[in-house]
Structure formats: structure tokens, C-alpha cells
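Accompanying notes for the structure given below.
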Amino acid sequence: MFSCDTKHFIDLFILKAGSRSMASDQICYTLVGLSSEAKTYTEQKLKDDLQNSNDNVKREALKELIRLIINGEKFPNLLMTVIRFVMPSQDHMIKKLLLLFWEVVPKYSPDGKLLHEMILVCDAYRKDLQHPNEFIRGSTLRFLCKLKEPELLEPIMPSIQQCLEHRHAYVRRNAVLAIFTIYKNFESLIPDAPEKILRFLEQEQDSSCKRNAFMMLLHVSQSTALDYLTSCLDEVQNFGDILQLIIVELIYKVCLAKPSERLRFIRCIYSLLQSSSAAVRYEAAGTLTTLSSAPSAIKAAASCYINLILKESDNNVKLIVLSRLTDLRQYHERILQDLIMDIVQIINASDMEVRQKTLNLTMDLVTARTAEELIKIFRKELIKACSTNTRPSASASDGEKSSADDQNSDESVYRFSLVHTIYDICLRFPEVLPSIVPTVCEILTYEEIGDTRAANEACKFLREILERFPQRKADILEKLMQIFPSIIGRETLRHLVWIFGEYCTTYEEINSFMTLIRQVIGELPLVDEELRRQAGQVNSVDSSAENQSQPSVLISGDVNVGVSPAQRVTADGTYATQSAFTLRSNKDSSSVNAIKRPVLQAALFESHYMPGVVLSACLVKLFYRYSLLLKQEQMKTVKDECTKTKIISKENSFAAECMLIIASMIHLATSQLLPHQVNPDHLDRMWICLKILADRRPEVLEAFEHTSRGCLTEMLAYQESERKNNAKARNQGLIEHQKQLAELNRADAPIKFSLLTGQTEFGDTVDRFDLTLSQALGAGGKGSAGDAYATSKLSKVHQLTGFSDPVYAEAYVHVNQFDILLDVLVVNQTKDTLQNLTLELSTLGDLRLVEKPSPLTIAPQDFANIKANIKVSSTENGIIFGNISYDVRGSSGETTCIVLNDIHIDIMEYIMPATCTPSEFRQMWSEFEWENKVTVNTQIKDLFTYLSQITSHTNLRCLTPTEALSGDCDYLCVTLYAKTIFGEHVLANLCLEKAEADQPVTGHVRIRAKTQGMAVTMGERVSSCQKNWPVNNSRTPSDNTTKNQDDENSDENVIRSHSPVNNTLFKCDNLASHFGANFLLITGYHVGFSQTQYRIFTE
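Going by our numbering, the sequence shown opens with residue -11, and the numbers climb by one from there.
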């Protein structure tokens, strides 16, 4: 429209503001910072430059004059200079700058009368409104929207109305806006504006002009807008989308105020559901669900939401619409259940968050009628997801990092979510198990699955199905035995070995398992077979290998002994005791991996001994069951000496085979054939199993068999209760809605007559357009909470100055998700008028001041409100500080400055208690690298009192099961979790000990987070709060009673980057404290236990 040189002026930082001083009617629209050359411009220099004939010089002088006036300078003598020498210019940029100048220049004399020179300015407005260039006309009309002087507007009203008939749409739509603003502020200047705009609307063809005209009628004369809408109701579908949006808003407001009008306009809303604009369809669907609760209306709106999600490519739009669809479920669940097959199509989206929310919604809507079809869809989707290879390529040196990246990839998370969804549906509707269990078993053989979370979730799914539905046991075990030789993941292998050992109970199942073990472990003994294989290869190798430059000693084939400076760290984070001489192979690692071995043997030769440890325990269980079956067989047959001998021979033969397998694995672990040393705890466990088989003590064998199964039953019962509690929490809104409906349907419930009560069917529902606007501005959105909410505001008021200061100030801090709104009350306690009162604010931390508050003029004993908006970018403690500066009118003294008290932004405003599964907690604990260890320093003498205090002051939720909190113990170990509104996770492990009954508790709190700032901030929160906690020794049994063994001792807070290698000890301690020592027998999570810890938990 104007010259591009305007950028140089606008780039100085132009900010629109709308804050109004309560002591002055003047509004500040534009804030422009002073330039570096501002001090060189005097009034005389400005006058000379403005009188210069060169337009470029005039431009720069006019820019500088605008800057100075905005920042409080007064130049009354330059007004006529601008009128005489600048206004006649036809340069477009100068005309644009003149509009800014007339906006900010003072238009009244000190006695409050309009300046006489403004009459000449008014004539310039009229000429610009009649200018042949349509863009100058339109810009002038937009400027008139900001003009608040009726004396200047009255002479040019005819010219404004003539612009309604201009040939260019840009002029006409700005003319409508100008008339709208003038009529709203000064109705007497154009009293017949609604009628004029209605006639204009009936003749107008441009959609933007019609939109502005209809918007004006909506706000100033709804009856006129309704008359027009009624006359063209059948043509609404053909209107432009911007006009359709205004029509939807009008219908909503009218129907909200007058429910009797619903039938008149509901058909129009239905037709707008088919609009070509996605925004119109979205607003129409929202309006339809608000105005009508009929099943047909809700179904049409929900279908519209689903189509929007499927067709829109923007993931933000998908998430917003999906949240509306989720909210709709609270009141119309049955209707959405009929649309579940359409909703499930959303999982084809590319964004993982959209997929996750869709799966969660699907789990809530599934019914017995749709479960079978959903499982078929999820089955196909699971096969497709598992067949997609997203594993990043990596060398051996960064294999661990690549594995972690693969665990966190979108495809890996999606596979886990699919398996978890299938898991949940099958538990609720077990009739679908036959169609999905084979697929869940088959995906364990996919290379893309490996040891990912999806594989672990699939194993847990199979374990729970076997426990809850014994009738499915034979089919599942048969399928697992078929796929077991093809298993890729080592952790998956361990899970399946445990399942076989726990659920193989008949002769046929035990014999089939033993045959399977012979197949997957290879020829026994393992060491002898490997030495024979290596000896055969050594004989065929060229003798030149003996002439290597580095000396080495041949041990057992091609294994060398050499000095290695590498340190060895065990799984529990401690240094292993070993020789300074380290074993290493002459051959390249690729040649070792090239040897094709059976699956279990391959795991053992890779030093993955967890499957072997679990296999040892399973063989003990199988031997116990096998011996019981033999005894039962003996009781049924003739008790002769020959039969007894055969039975004993079978028992001895089975035990000997089990002992051979265990002994072979122990021999291999202690040999020099493995690339890494085996954890000593693994060897101890296998030695224990070997000794149990040798001694065959009935009470020990019985403990292996029954105790672990009891722990599993308790754990599954707890998980089931947690699952129900979570479902109840998710359905809280639906439950409340059903209670309200039941209350209304009582026989003695009062009948509401809308004509008599004057209430709409929506009760006290507020206008959702106004509500969403107030929420976005941070000015509302809390709803009507009564006096409790008003009272709670007082706790958020911060006093900024003292009562004896000339200016008293206090701020109400309102936190609105990512924004902080400061509503500052400023009171002039003097008898002088304060000019240029400015609130200067600065921040520390990840806080950013969005807009600078404009200066105010406050009368004596008067007050004003100043609002400042601050953006928050992360969850860390921040500080807002600043000062108030002002000048006293009539005084020639310097500017007075009052320093304000600091406002500390509490991190707790952004942290919310949350829940997660134990597997998710363990994964995050191993991934997060920043840990802050806070030493417990308190006078509290009760373990549970300390726990309740830390959960209430840090917003952390205790994840430890309630069943694990019973009993009396002097040790406490619990896990805590919270989540921020920015999506950050906070993990904590609380370990307490009480040495004496009358002594305070001791221990530490380990806090882990992904970022250093979060870990430090939460640690500071715990340290500062625990010193002020009241001493209350009453017991509130709500947490764990097991002591967590920790190798770290520190008397002060430690913040460090944490390595995942030290995580296993914590995981195992936590699981054992949850479910008891025998839980280790179930899952084999005892990797990180030292011998001392193992004795503690087993004794």
C-alpha cells in the first residue's frame, strides 16, 4: 500500500496496547522505542526538517517527532508546521505517518478544549476520504476507528457514509468498521446506522464486506441481524466462510438467550456441518452440541469432528478437535460408542500424540458388541506396525545409545500402545482372546520387536491371560513352544522361560518343555562342545597367527589373556572384583556373531545370563511338579518293587538332566569363553538351584512352587484394582452426569417450565465465545466457584510497596498455563497528581515480559490497575522484580523511583500429581540423566508423617501400592511421580530410616529429571520446605515399609549427571519393596542385587 521503507520505522518495535487509565480517558495505542539519534533532534531542528522540500527529510523528521511524542515530549508549536508543510504532501508514506501522528498528538489544550488547529486537520481527513486512491481511503477509515473525539468525527460523517458506495471492497469493508466503531462510541452521530448497514448488507456481494456488516449488526442490533438471517436462511450454505462463522456465533447467542428460537435455526446449523470450510464445520458442531442434546444432533456433530480429524493435515487441529470429541464422551458416551469404528480410523495419523489419544478414547468406548471388530482392526495394525523396521543403524560402540533411541521412537511407542490397548480390551472382553493371542505370540519373533517395551507388554499380557483364564493355557503354551526357537529378544526369552516354568503342570507339557530346552540350548556340556568346535577351527587356521607382535597366551582355543585398563561395573553400580588380566578373543566379533547358535545358547554366549538364571529356577519348579506327578502315578498303580524302582529312576533321571543343564551353564559362566564376566549374583542363584535339586528338601521345593505364585496373584489383584480406579477417575464426569440425570428423573423431581422460570435449558451456562476469550486473556475461566474461589485469590496477592510509600502497589498473580498475568493495583496516596507513572518490570529465569505497561497519570488519592503479561517457557523458579517511577505535576524535581518487592513464581503452579505404570517409571528412571540427592533434615519422628508432608508440598504422587504400606517397620522406601504442564516428568525415590523411637527420621530423597534445572528446582523445594514442617508424630499408614539399600552416602545435596548403569539396584529394590522378596522369583528382576541384599530380601 505504501513504500516498503516503512519497515525501517516499524522495526523499531511497535506494540499495540489497549490499557486504559482509570484516571484518564486517553488510550495509548502505540509504543515506539526512542532511536539512538533522538537526543540530536531539537524542536528547531524538527521544525526545519519538516519545512524542508525533500520528502525523505520530512519522513525522518516526522518519524522522530512521533517517537518523541509517544515517549512524553510536548511540541505544541510544531502542530501548525505539520499542517502547513507536511499535510499537503502526496507521498504515500508521509500520509501513513501522518495517520500515526494524528493518533498520538495531543488534541486538547490544557483547559480541556479542542485545539482550533484540529479544524484544519478535520478537513484533511475529509479530503483523504475522497482521495482517488482506494488504499488511502481505507487507511484513513481504519484510523478513524481509533479516533475518540466526536468533534472531529461529526463533520466527516457524510464522507464516511459515501465510502459505503465505493467501487472497491477494501474501502467499503473499512467504512463498515468505521461506522461500527463510531456508532458504538457515539451513537448520536449516526443514529440510523443499523438500518443503513442492513440496506448495505442486502445489496453487497463481497463476502468480507458482508462479514463486517453482519458482525456490526450482531453486536449493536441482534434483532436486525436476525431479520436479515431469516430472509436468506436458505442461502447460508452458499455464503463465504468468514460470514458463516459470524452466523454461527449469532445463532448461538440468540438460542442461548431465547431457547424458543432453536427450532427456527437448528436446520441452518445442520446445513453448516457440510460447509467447505473446516473452521465453520468445527464451530457449527460445537454450537450444535451446546444447543441440542438430541441423539441425532450429537451424532451429526461427532461425525463432523471425526471427519475434521481425518481430513485435516495439521496435527494441532487434530489434537484440538480430538479433545472436543473426548469431552463429548462425558455426556454422550452411548452415542460415541456407535461411532467407534469411525473413531478408530484416526490411528492412521502420523502424529504419535494423536494416535495415543485415539487409542485411549477407543479403550473407553469399546463394548462387547464392538470388541471383536476392534480387535481385528488392531490385529492388522499391530502386524503392520511390527513389520516396519525403524531400528537405527549403529555400530557396536554406540549400540546402547541406538537401543535407547529405538525405545523412544514413535513407532516403538506406537507398538507398545497397541499392545497395551489389546491387553486392556482382552481383559474386559475375554471372548476375543482366540483371535488375538496367536498374533501377540507371533510378533515376539519379529526382529523389529526385540526387547522393546511392546515385547515386554506382550509377555505381561500372556502371563496375565494364563493366570486369569486357565482354560486358554494349553493353546497358549502350544503356540509359545512353536515360536520359542525364533525369539530374538533376550529379555523376551527370559519372560517366556518363566511362563513355561510356571504354567507347565502336566506330563505332556513338562516333557514338551524339556524337549524344547534341549533344542534351544544345544549339545551339553556347553563348554566341551565349544572347545571341540574351536579346536576344529584352530586346526584349520594358518600358523601365522602365532607371530603376532603383541604377546599373548593361548587358553582354551583362541582366547588370549592381555592387560586391559578397562574398568568393570556390575549392574548394581559397584565395581567388580576381578583380575587385572582381561580375557579377549583373537577373532573378530563379527566372526563370533556369524556362528549360528540355538536361541538360548546364543544368549548365554553373549553373556546374557538372565534367561539362564530364570531357567534354573524353572527347572526346580518343574522337578517338584514332576515328582508329585510320579507319586500320584505310584499311588494309582500296583505298589510292587519294580514299579517303585522305575518311578525313582524316572525322578532321578529328570533331576540329573536338570542338574546337567544348570551345571553346564555355571561351567560356561566360569570359563574363559564369554566376552564379559557374568554377574556373581547370577552364579549364586544358579548354585542355589543346583543345590536344591541335589538335596531335594520338600519344604524348599514347596517354597519355590507356591510362594512365587502367591506373590503373582497379589500383584495382579493390585493391578486390577488400580486399573478400576483409573477407569473410575477417567469416567468421573460421566458418573456425575448420570447422577444428575437420575436426580432429574426421580418421581418427585420438580418440573421446570422455561416460560415461567425464565431460565434456559442450559441453566447457568455462560456464553462459550466469551468464556474462551476470557480464558485466553487470563481474565476468567474459573467458572462460578462461589466465595471459595474469591477467597483463594487473597493468597495470590503480593504486596509490592509499603503502606507508608507515596504510591502503594500490590499485584494479583494469575497463572494461566503458559502465561502469568500480573494485575497490579497502584494507589496514589499523595495529594499531588502523578504524571508518567510507569511500572518497570524485569525477570530472572525462563520468564519473558510480553508487553511493557504504558505510563499513567493518576489524580490525588486515586488508583489505577496495570496489567502485565509474562510468558513462561519452562518449569523453573523465577523472580519478577522492578520499580515504579513517576513525576509530580508542577514540580521541577527529578523523577521519583520506588523499588518493588520481588515476586517469586512458585514452581508448584506448574507441577501436577500424575500416575504412570511401574515399567514406565523404570524406563524414565534409567533414561533421565540428572539426579539431585537431598538429605532428609527434619524433626519429624514418624515415617508416614514425613511422606504425607512431602507429597502435599511438592505435588508428587505416591506410586507405591497401598498393600505395601501395611505393617510396622523402621524403614520406608517409596516412589513418587509428577508431571508439569509443559510435559516434563519428575521422578523421586524416598528412602527413610528410623534408628530410635524418639529420634527424627533420616534418609534421602533422590529426584530425577530430564533437565538439570528441574532437578535442582525440585531439590531446593524439598530442602526449603522440610525445615518448616510441623512436628507431628501421628501415623498415617500410606506408604511402603521396606528399606532401600543405597551405596551412596552424602551429608549434602548432590546434583550430578546420572549414568543408566546405576539404575538396576533401584529398580530391584523398588519392586521387592512393592511385592515382597518372592516377587524376584516371578520376574527375575534380581539382576542388580548384591549377595547381602539378596539375603535381606530372602530371609
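Glycine included, each C-beta is placed from N, C-alpha and C at the ideal position.
What three-state label does DSSP hand residue i in the structure shown?
{"i": "M75", "result": "coil"}
{"i": "C151", "result": "helix"}
{"i": "F851", "result": "strand"}
{"i": "L86", "result": "helix"}
{"i": "N640", "result": "helix"}
{"i": "E192", "result": "coil"}
{"i": "S248", "result": "helix"}
{"i": "I995", "result": "strand"}
{"i": "S263", "result": "coil"}
{"i": "V666", "result": "coil"}
{"i": "H973", "result": "strand"}
{"i": "E435", "result": "coil"}
{"i": "R945", "result": "strand"}
{"i": "E137", "result": "coil"}
{"i": "Y29", "result": "coil"}
Taking the straight line between their C-alpha atoms, what separation do you get for residue i and residue j?
{"i": "L969", "j": "P663", "result": "The question names Leu, but residue 969 in the sequence shown is Ile. Using only the alpha carbons, I get a separation of about 46 angstroms."}
{"i": "L260", "j": "A181", "result": "29 angstroms"}
{"i": "D930", "j": "K982", "result": "8 angstroms"}
{"i": "I185", "j": "K136", "result": "22 angstroms"}
{"i": "L88", "j": "E52", "result": "12 angstroms"}
{"i": "D622", "j": "L616", "result": "The displayed chain sequence assigns Gln, not Asp, to residue 622. Q622 and L616: Cα-Cα distance of roughly 10 angstroms."}
{"i": "E511", "j": "R441", "result": "32 angstroms"}
{"i": "V974", "j": "I170", "result": "54 angstroms"}
{"i": "I431", "j": "I471", "result": "10 angstroms"}
{"i": "Y240", "j": "A289", "result": "15 angstroms"}
{"i": "S77", "j": "L313", "result": "58 angstroms"}
{"i": "A644", "j": "H992", "result": "49 angstroms"}
{"i": "L481", "j": "S652", "result": "19 angstroms"}
{"i": "L935", "j": "L656", "result": "47 angstroms"}
{"i": "R673", "j": "A952", "result": "26 angstroms"}
{"i": "I867", "j": "L829", "result": "10 angstroms"}
{"i": "A590", "j": "Y495", "result": "28 angstroms"}
Do we get a CB-CB distance below 8 angstroms when we pair residue i with the residues of chain D?
{"i": "P76", "result": "Note that chain D does not occur in the displayed structure, where there is just one protein chain."}
Over what stretch of residues does the alpha helix (DSSP H) that includes residue i continue unbroken?
{"i": "A273", "result": "A266 to L279"}
{"i": "P1009", "result": "The sequence shown places Arg at residue 1009, not Pro. Taken as a continuous stretch (DSSP letters only), the alpha helix (DSSP H) holding R1009 covers Q1000 to Q1014."}
{"i": "A288", "result": "P283 to K299"}
{"i": "I413", "result": "D398 to R416"}
{"i": "T169", "result": "A157 to N173"}
{"i": "L844", "result": "Run containing L844: none in the alpha helix (DSSP H); it sits in the beta strand (DSSP E), L844 to I846."}
{"i": "Y597", "result": "Y597 -> no alpha helix (DSSP H), and no H or E assigned at all."}
{"i": "K1106", "result": "This structure cannot settle anything about residue 1106, because the visible part of the chain is limited to -11 through 1087."}
{"i": "T355", "result": "Run containing T355: none; DSSP gives neither H nor E here."}
{"i": "D464", "result": "It should be noted that the sequence gives Ile, not Asp, for residue 464. Start and end: K461 to I471."}
{"i": "N304", "result": "N303 to R317"}
{"i": "D930", "result": "Here D930 belongs to no alpha helix (DSSP H), and DSSP marks it neither H nor E."}
Within the continuous beta strand (DSSP E) that includes residue i, where are the two ends?
{"i": "K921", "result": "W918 to T923"}
{"i": "C133", "result": "No beta strand (DSSP E) contains C133, which DSSP labels as neither H nor E."}
{"i": "V887", "result": "T884 to V887"}
Which residue or residues does DSSP assign as beta-bridge partners of residue i?
{"i": "I1104", "result": "Here the chain comprises residues numbered -11 to 1087, so residue 1104 is not present and cannot be evaluated."}
{"i": "M900", "result": "K967"}
{"i": "T866", "result": "First, the residue type needs correcting, since residue 866 is Gly and not Thr in the sequence shown. In the DSSP output, where bridge partners are listed per residue, G866 has I893."}
{"i": "E1092", "result": "Because the chain in this structure spans residues -11 to 1087, residue 1092 falls outside the shown range and cannot be described."}
{"i": "N44", "result": "Note: N44 sits in no beta bridge, so no partner."}
{"i": "T990", "result": "E981"}
{"i": "K859", "result": "D807 and R836"}
{"i": "D875", "result": "Q823"}
Return the Cβ separation of residue i and residue j in integer angstroms, given the expectation that the two are a contact with Cβ distance under 8 angstroms.
{"i": "S291", "j": "L324", "result": "Not confirmed; about 10 angstroms, so no contact."}
{"i": "I453", "j": "L406", "result": "Wrong, their Cβ atoms sit about 17 angstroms apart, outside the cutoff."}
{"i": "Y411", "j": "A373", "result": "About 15 angstroms; that fails the 8 angstroms criterion."}
{"i": "M900", "j": "A1003", "result": "About 18 angstroms separates the two Cβ atoms, so there is no contact after all."}
{"i": "V801", "j": "A852", "result": "Wrong, their Cβ atoms sit about 18 angstroms apart, outside the cutoff."}
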